[in-house]
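Please read the structure below before turning to the comments.
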Amino acid sequence: MSESTDRGAGTGVISSPPATDEAAITADVRHTARRRKTLVWAARLATLVVVIGGWQLLSDAKIVDRFFWGQPSGIVAQLNDWVRHGTAYGSIWLQIWTTFKEALLGFVFGVTAGVIVGVALGQFRFFAEVLSPYIKIANAIPRIVLGSLFTVALGLGIAAKVSLAAVLVFFVVFFNAFQGVREVDRNLLNNARVLGASRGAVTRHVVVPSALTWIIASLHVAFGLAIIGAIVGEFLGSQHGLGLVIATAQNNFNPDGVFAAMFIIAVLALTAEGLIGLLERRLLSWRPPSPAEAAEAGV
Amino acid sequence: MASTFTGRRRAVHKAHDAAQIELTGVSKRFVTPSGTLFTALRDFDLAIGPGKFCAVVGPTGCGKSTTLTMVAGLDRPSAGVVRVGGRPVDGITPGTSFMFQVDSLLPWKTVLGNVALGPVFRGVPKKAAQAAARQWVRRVGLAGFEDHHPHQLSGGMRKRVSLAAALINEPSILLMDEPFGALDVQTKAIMSNELLGLWEQTRPSVIFVTHDLEEAIALADQVVVMTAGPGTVKAVYDIDLPRPRGAVQEIRFQPRFLELHHQIWASLREEVEAAYVRTVQGGRS
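Going down the list, the protein sequences come from chains S and D. Going by this note's numbering, the first residue of the first sequence is number 1108, and it counts up by one from there. Going by this note's numbering, the first residue of the second sequence is number 2, and it counts up by one from there.
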C-alpha cells in the first residue's frame, strides 16, 4: 500500500490517493466527466460572448461601420420588430413557413428520386456505364442557375423553389446511394444468393440497408442544400419567403435585416439537422458505437 | 415441435436429400487486372458421395475457394462440368449453404433475423421463419441472444449464428471456406465439435476447405490434397476413424490419427513448399 502511494507521489500522476472500492472509482470517473462537461459549456459561452460582444463593442466604437456590417443589438431589434409587426409581406411566421415548406418538399422529392435512381443504377452496371458521362456533365453544371429557368417556366409560386431544392438535393443523395450500393460487401451478396434470395430480396434485405449508412450521411448535407435552393429560388422571384425578406433588406441597405433572416434560417437548419440526427440514430441503431463515442463513455 | 415444422416445410419445398457432388475435368482461368491469364484450377476431378464430409487442404492460392464457388453456382468453370445430384450446375445450386471465412452476417439484423434469412428468402411466412430460427438459435447454444446484433457477439458466437443460418435451410450441400480460420485455437475446437454434432444429425454433403490438416483429419471422411497452383487433385485419403468421432481435441492423440497425419502431411508438405518458393521468387522478381 505504502509502495503504491510512493510511486504515485514520485511520478506526480496520481494526485489523490487511489480509490479502492468500485463505488469510489465510478464516482470518481463520473465526477471527472461532469467537470469536463461544465468546462466545455463554459468555454462555449465565453466564445459566444467574445464574438458577439466584440462585434457590438467594435461597432459602438465606430471601428466597424454598422451601416454596412450591422450590429447585434440592431439584429435583435429587427427580429423583435418582425415578430411584433410582421414584414412587408405578412407575418414573419408565414415567411418562415413558406421557406420551410419549399425546402422540405424539395428535400423529400430530391431524396426519393436520388435513392431510387442511385440504387437502381448501382445495381445495373450497363445503365450506369451508359449514363455516367451525362451524370458527370449534369453534376458539373452550376445547378443554382437552373433557378432562373424554373422561375421563368414555373412562375413565382412554390413549384419553382421546390424544383430547385429538389435538383440540388438529388445529386448529393444520388451519388451517395450509388456509391453505397457499389460498396456492398460481396460476401453478403453471395451469401444471400446462395440462401436462395431473389433479386428483389437481395435489394431489400442486403443492398438498401447496406447503402443506408451512405444515404443517411448525405441527408445532413442535403437538407442544407434544400434550404439554399428555396432561398435562392425566392431571391429570383417570389411573393413570400425568407429569401424575399433578405432581398428586400439588401435593397434597403439594411444589414441587420439580412443577419436577422440569416439567424432564422440557421435555427431552421439546426432543427432539421437535429431531426435527421434522430432519424439516423433510429435507422442505424444496429451500428456498434463509434470509437469516439465509446471513449466518451469511458471518461 | 421440430418435426412438425420440418414436416410442414417439406410439404411446401421439395426435401433436399444429401447430394452427390462431381467435378469432372474442371479448369478455371481468370484474367488478372493487369491483363495476364491466370489459371486457378486445372483438370480438377473429384467425386464426393452423398452425405460425405470432404475436407480440402492445399497451399495458399491453389484454388480451393474457387472450387467451392463453382459448386455453389456463384461462378462458372472455364472448362469441364460440375454436377450436383447428377445435374450440371447452372445458376445457383439449390439446397446449398455456404459458410465463408469472414462473417457474412447482416450487421443490421439481429441474431434471430440473420438465422431466419434462409426461410424468409425461400418464401416461408415470417412467423414460421422466426419460429424455426428461434429453434436453431437454441440448437447452437445462443438462446437468450436472439435480439443481439452481430457486433455485440464474440467471434465464436458469430460463427455459431453463421452455422445456424447455414443449417436452417437443411441443405443437401454445405460448403465451408475456412469457416473457423479466424478463431482462436480453443474456440475453434469447440466449434468443430459443434459442427460435427450438427452434421451427424442432418448429414448434408460437406466440402470443408482448410489450411489446418489436423482439423481436416479430425472432421472428414475424405481428405483431398491439392497441388500448388494451378490447383488439381494430388491425392485423396480416406479417413477410417470411426464415427461418431467425439472431441476433436482428443482424437488427435489416437495412433491411427497420427499415422494418417504423417502420411498426408508428407504429401501436402511438398506442395506447401513449392507454393512458398514460388511466392518468395515472385516477390523478388
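Where a beta carbon is used, it is the ideal one built from N, C-alpha and C, also for glycine. What you are looking at is a predicted structure, and each value in this text was computed from that prediction instead of being measured.
By the Cβ neighbour-count rule, F1231 (chain S) is exposed, with fewer than 16 other Cβ atoms within 10 Å of its own. Inclusion of Q250 (chain D) and A190 (chain D) in the CB contact set at 7 Å is warranted, their separation being smaller than that value. Proximity of the segment 174-184 of chain D to the segment 200-213 of chain D meets the contact definition, three or more beta-carbon pairs being nearer than 8 Å.
Interface criterion met: the Cβ of G119 (chain D) is under 7 Å from a Cβ in chain S. Where A1130 (chain S) is concerned, the enclosing alpha helix (DSSP H) starts and stops at E1129 to D1167.
At a beta-carbon threshold of 7 Å, the residues of chain D lying near A1308 (chain S) are F122, ordered along the chain. Assignment of F99 (chain D) by DSSP, reduced to helix, strand and coil, places it in the strand class.
For the set D:F39, D:F45 and D:I22, the Cα lying nearest the Cα of V226 (chain D) is the one of D:F45. Runs of the alpha helix (DSSP H) lying entirely within the segment 163-230 of chain D and spanning at least 4 residues, in chain order: 186-203 and 214-220. For E1236 (chain S), same chain residues with a beta-carbon under 6 Å away, outside a window of 5 residues either side, do not exist. Legend: CB atoms of the segment 1260-1290 of chain S lying less than 7 Å from CB atoms of chain D are not found in any residue.
As summarised for the segment 1214-1249 of chain S, the continuous alpha helix (DSSP H) elements at least 4 residues long and confined to that stretch are 1232-1247, given in chain order. Taking all protein chains in view, the Cβ of V278 (chain D) is surrounded by fewer than 16 other Cβ atoms within 10 Å, so the residue is classified as exposed.
Taking C-beta atoms as the reference points, V1269 (chain S) and E1209 (chain S) count as a pair closer than 7 Å.
Residue environment for R1137 (chain S): exposed (fewer than 16 other C-beta atoms within 10 angstroms of its C-beta). The C-alpha of I1335 (chain S) is placed about 14 Å away from the C-alpha of L1377 (chain S).
Contact annotation for P108 (chain D) against chain S: W1393 [CB-CB distance below 7 Å, chain order].
V116 (chain D) sits away from A80 (chain D), with the two beta carbons spaced by 7 Å or more. In summary, E1129 (chain S) is exposed, with fewer than 16 beta-carbon neighbours lying within 10 Å of its beta-carbon over all protein chains present. Here T37 (chain D) carries a coil assignment [DSSP, helix/strand/coil]. Residue pairing by DSSP places L47 (chain D) opposite D:L24 in a beta bridge. Within chain D, no residue has its beta carbon less than 7 Å from that of V1226 (chain S); the closest one is some 16 Å off. Residue-level contact check: S173 (chain D) does not touch chain S, since none of the beta carbons of chain S fall below 7 Å from its beta carbon. Going by C-alpha positions, T1219 (chain S) is about 12 Å away from A1329 (chain S).
Distances from the CA of I1248 (chain S) to each of S:I1265, S:G1262 and S:L1275 were compared; the closest alpha carbon is that of S:L1275.
Looking at S:S1198, S:T1320, S:Y1241 and S:L1271, the one whose alpha-carbon comes closest to that of V1252 (chain S) is S:L1271. The beta carbon of F1214 (chain S) sits closer than 6 Å to the beta carbons of V1276, F1330 and A1333 from its chain, once the five residues preceding and following it are set aside; these are given in chain order. Judged by DSSP secondary structure, G1287 (chain S) falls within the alpha helix (DSSP H) whose first and last residues are I1265 to R1289. Contact between the segment 1381-1400 of chain S and the segment 46-58 of chain D is absent, with fewer than three C-beta pairs closer than 8 Å. No Cβ of chain D is located within less than 7 Å of the beta carbon of V1315 (chain S). Between A1304 (chain S) and chain D, the shortest Cβ-Cβ separation is below 7 Å. Exclusion of the five residues before and after A1324 (chain S) leaves N1283 as the residues of its chain whose Cβ lies within less than 8 Å of its Cβ. By a beta-carbon distance limit of 8 Å, G1181 (chain S) contacts D1363 (chain S). Their separation comes to about 4 Å.
For R1300 (chain S), the residues of chain D that pass the 8 Å Cβ criterion are L75 and I93, in the order they occur in the chain. Remark: C-beta atoms of A221 (chain D) and C55 (chain D) approach each other more closely than 7 Å. Three or more beta-carbon pairs separated by less than 8 Å link the segment 64-84 of chain D to the segment 22-39 of chain D, which places the two stretches in contact.
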